[in-house]
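Quick note, the sequences are listed as chains A and B, same order. Everything in the first sequence is counted per this note's numbering, starting at 1 for the first residue and increasing by one. Everything in the second sequence is counted per this note's numbering, starting at 231 for the first residue and increasing by one. Data first, discussion second: the structure below is written as structure tokens.
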Amino acid sequence: MNVFAYLQDPAHWSGPGLIPELLLQHLAYTAAAVLVAAAVAVPLGIAIGHTGRGSALVTGLSAGARALPSLGLVFLAVMLLGTGPGDVVLVLVLAVLALPPVLTAVVTGVAGADRAAVHAARAMGMTGGQVVSRVEWPLALPRVVTGLRSATLQVVATATLAAFASGGGLGQLLVRGQAQRDYPQMFAGALLLAALAVALDLLLSGLGRLAARRARPRSRTSPALVATPA
Amino acid sequence: MNLDWRWLDRNTGHLATLVGQHALLAVVPVLVALVVALPLGHLLFRTGRAAGPLLAVLRVVSSIPALALFVTVPLVLPPHQILDPLNVAVALTVHGVALLVRSVVDGLRSVPDPVRQSASAAGFGWFGRLVRVELPLAMPAVFAGLRVVTMSNIALVSVAALVGSGALGQLFQQAYTTRAFTPLVAGLVLSVALALLADAVILLVRRGTLPWARGQRA
Chain A
1 MNVFAYLQDP AHWSGPGLIP ELLLQHLAYT AAAVLVAAAV AVPLGIAIGH TGRGSALVTG
61 LSAGARALPS LGLVFLAVML LGTGPGDVVL VLVLAVLALP PVLTAVVTGV AGADRAAVHA
121 ARAMGMTGGQ VVSRVEWPLA LPRVVTGLRS ATLQVVATAT LAAFASGGGL GQLLVRGQAQ
181 RDYPQMFAGA LLLAALAVAL DLLLSGLGRL AARRARPRSR TSPALVATPA
Chain B
231 MNLDWRWLDR NTGHLATLVG QHALLAVVPV LVALVVALPL GHLLFRTGRA AGPLLAVLRV
291 VSSIPALALF VTVPLVLPPH QILDPLNVAV ALTVHGVALL VRSVVDGLRS VPDPVRQSAS
351 AAGFGWFGRL VRVELPLAMP AVFAGLRVVT MSNIALVSVA ALVGSGALGQ LFQQAYTTRA
411 FTPLVAGLVL SVALALLADA VILLVRRGTL PWARGQRA
């Protein structure tokens, strides 16, 4: 059996319900879900991390959220609400799953910003908003990007389940392959899914390195200026 | 959304079997992964600089969605069956190794050099130093990794129901095809309970084996 048969057939690379459309759908679900999660988690996380109120609760809840079986949640949401116009229900479920890692990252990043830098900013007369935007947020950014990365990976994986709940995306290849007893089609779905996840992982870890470099520019350009810790 | 309590009554035995299967499918891979990751992590730690690229490869492996692994594993395993629970166990083990090696390396790296040197000065050979000094100090990081892997495995086993054997995940599938809420809610509750129980067990073991690390965040 040539397991690459499905991927090699050029007929599968254009047309409705085939590889390019499914890939785009998968990416659209992922991007929409991560953006919705970030839109909620970033302001909320900054507020919690800046004031320090409720941060233990947030990190605890986020750790607990890992226990939720994504398949059960996706099916539950679709049974209760349907997939919604434009699969909005599916995107919202994915966003709920993406929320905890982003929120934890923002809270720990902002709360973990170097205290000396924060005190110095206050002493220079910065307002609370300026401390957040000029000190805490830039210092938190590398960790936020890491959080976005793990959220994205989780959403890419979970978006596959959408197809099993009458949605679209790469999961379609698994659903159809299974129904038609066509292993090469399932294998194509698995391979494309893995490739998409790895590509996004590499992209976001590149962004993370960039953010980390910006968060401590001096140590890169002139190490002599940075005092060595005693 | 009405729960059918009689369904629960009729299916208690079935549910218990599924919980058992679920625990087995999730936990055995974690244990196997730990046994593999400890020596492998130590080896990587010892190679120093060369560890970087290898850890990067492992991170790429861990970023592959479990469902993709479930589908691909039958290709490399001798029994050519896609519905075999072994596929799920092997895929989760691969995932677990990729994540736990990182924890082991992080843990070993967190051991301060002076501690290592004092241990050598006190007469520990490399093995004694590793087992009696370095590993215990590395264990908090390893336990943190174990918690993540165990929790996510328990959630992931359900996904395996889509391609064959998924223990409690079968309830989700059954519920979705028959539009019945009771099995779905039962599956959700049991899966979350199992994950929390496993986490509590890990925390207890950690408390028992690392009494000095009490109060440190896992």
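Glycine included, each C-beta is placed from N, C-alpha and C at the ideal position. Source: prediction; values computed, not measured.
Give the DSSP-derived three-state secondary structure of residue i in the structure shown.
{"i": "GLN180/A", "result": "coil"}
{"i": "ILE294/B", "result": "coil"}
{"i": "PHE373/B", "result": "helix"}
{"i": "VAL341/B", "result": "coil"}
{"i": "PHE4/A", "result": "coil"}
{"i": "SER166/A", "result": "coil"}
{"i": "SER150/A", "result": "helix"}
{"i": "ALA56/A", "result": "helix"}
{"i": "ALA67/A", "result": "coil"}
{"i": "SER388/B", "result": "helix"}
{"i": "ALA397/B", "result": "coil"}
{"i": "THR160/A", "result": "helix"}
{"i": "LEU94/A", "result": "helix"}
{"i": "MET126/A", "result": "coil"}
{"i": "GLY72/A", "result": "helix"}
{"i": "ALA352/B", "result": "coil"}
{"i": "GLY171/A", "result": "helix"}
{"i": "ASN232/B", "result": "coil"}
{"i": "ARG134/A", "result": "helix"}
{"i": "GLY82/A", "result": "coil"}
{"i": "LEU307/B", "result": "coil"}
{"i": "ARG216/A", "result": "coil"}
{"i": "GLY189/A", "result": "helix"}
{"i": "ASP87/A", "result": "helix"}
{"i": "GLY109/A", "result": "helix"}
{"i": "ASP336/B", "result": "helix"}
If you follow the alpha helix (DSSP H) that residue i is part of, which residue opens it and which one closes it?
{"i": "LEU418/B", "result": "411-439"}
{"i": "GLY228/B", "result": "Residue 228/B lies beyond the stretch modelled for chain B, which goes from 231 to 448, so this question has no answer here."}
{"i": "ALA28/A", "result": "19-51"}
{"i": "HIS12/A", "result": "Here HIS12/A belongs to no alpha helix (DSSP H), and DSSP marks it neither H nor E."}
{"i": "ALA121/A", "result": "115-123"}
{"i": "PHE357/B", "result": "356-359"}
Identify which residue in the options has its Cα closest to the Cα of residue i.
{"i": "ALA28/A", "options": "ALA195/A, GLY189/A, ALA194/A, GLY168/A", "result": "GLY168/A"}
{"i": "ASN317/B", "options": "THR242/B, ALA256/B, LEU418/B", "result": "ALA256/B"}
{"i": "ALA267/B", "options": "LEU233/B, GLN400/B, LEU365/B", "result": "LEU365/B"}
{"i": "LEU274/B", "options": "LEU261/B, GLY326/B, VAL331/B", "result": "VAL331/B"}
{"i": "ARG255/A", "options": "THR30/A, ALA188/A, GLY189/A, VAL42/A", "result": "No answer is possible for residue 255/A: it lies beyond the span of chain A, which begins at 1 and ends at 230."}
{"i": "THR30/A", "options": "VAL40/A, PRO16/A, LEU97/A", "result": "LEU97/A"}
{"i": "ARG437/B", "options": "PHE373/B, LEU307/B, ALA425/B", "result": "PHE373/B"}
{"i": "ASP234/B", "options": "VAL419/B, VAL415/B, ILE432/B, LEU427/B", "result": "VAL415/B"}
Is there at least one Cβ from chain B nearer than 9 Å to residue i's Cβ?
{"i": "THR160/A", "result": "yes"}
{"i": "SER62/A", "result": "no"}
{"i": "MET186/A", "result": "yes"}
{"i": "ALA28/A", "result": "no"}
{"i": "SER205/A", "result": "yes"}
{"i": "MET126/A", "result": "no"}
{"i": "PRO142/A", "result": "no"}
{"i": "ASP201/A", "result": "yes"}
{"i": "GLN178/A", "result": "yes"}
Residue i CB to nearest chain A CB: under 9 Å?
{"i": "PHE373/B", "result": "no"}
{"i": "LEU414/B", "result": "yes"}
{"i": "ASP314/B", "result": "no"}
{"i": "ARG377/B", "result": "yes"}
{"i": "VAL389/B", "result": "yes"}
{"i": "ASP429/B", "result": "yes"}
{"i": "SER333/B", "result": "no"}
{"i": "PRO295/B", "result": "yes"}
{"i": "ILE432/B", "result": "no"}
{"i": "LEU274/B", "result": "no"}
{"i": "PHE411/B", "result": "yes"}
{"i": "ALA298/B", "result": "yes"}
{"i": "LEU392/B", "result": "yes"}
{"i": "VAL422/B", "result": "yes"}
{"i": "ARG289/B", "result": "yes"}
Is the beta carbon of residue j closer than 9 Å to that of residue i?
{"i": "LEU386/B", "j": "GLN403/B", "result": "no"}
{"i": "ALA47/A", "j": "LEU99/A", "result": "no"}
{"i": "LEU192/A", "j": "LEU297/B", "result": "no"}
{"i": "ALA33/A", "j": "VAL107/A", "result": "no"}
{"i": "GLY72/A", "j": "GLY417/B", "result": "yes"}
{"i": "VAL334/B", "j": "GLY399/B", "result": "no"}
{"i": "ALA95/A", "j": "VAL58/A", "result": "no"}
{"i": "VAL110/A", "j": "ALA121/A", "result": "no"}
{"i": "THR83/A", "j": "ALA162/A", "result": "yes"}
{"i": "SER421/B", "j": "HIS244/B", "result": "no"}
{"i": "ALA56/A", "j": "MET381/B", "result": "no"}
{"i": "THR302/B", "j": "ALA194/A", "result": "yes"}
{"i": "LEU103/A", "j": "LEU153/A", "result": "no"}
Would you say residue i reaches chain C, if we count a Cβ-Cβ gap shorter than 9 Å as a contact?
{"i": "LEU255/B", "result": "The structure shown has no chain C; the protein chains it does contain are A and B."}
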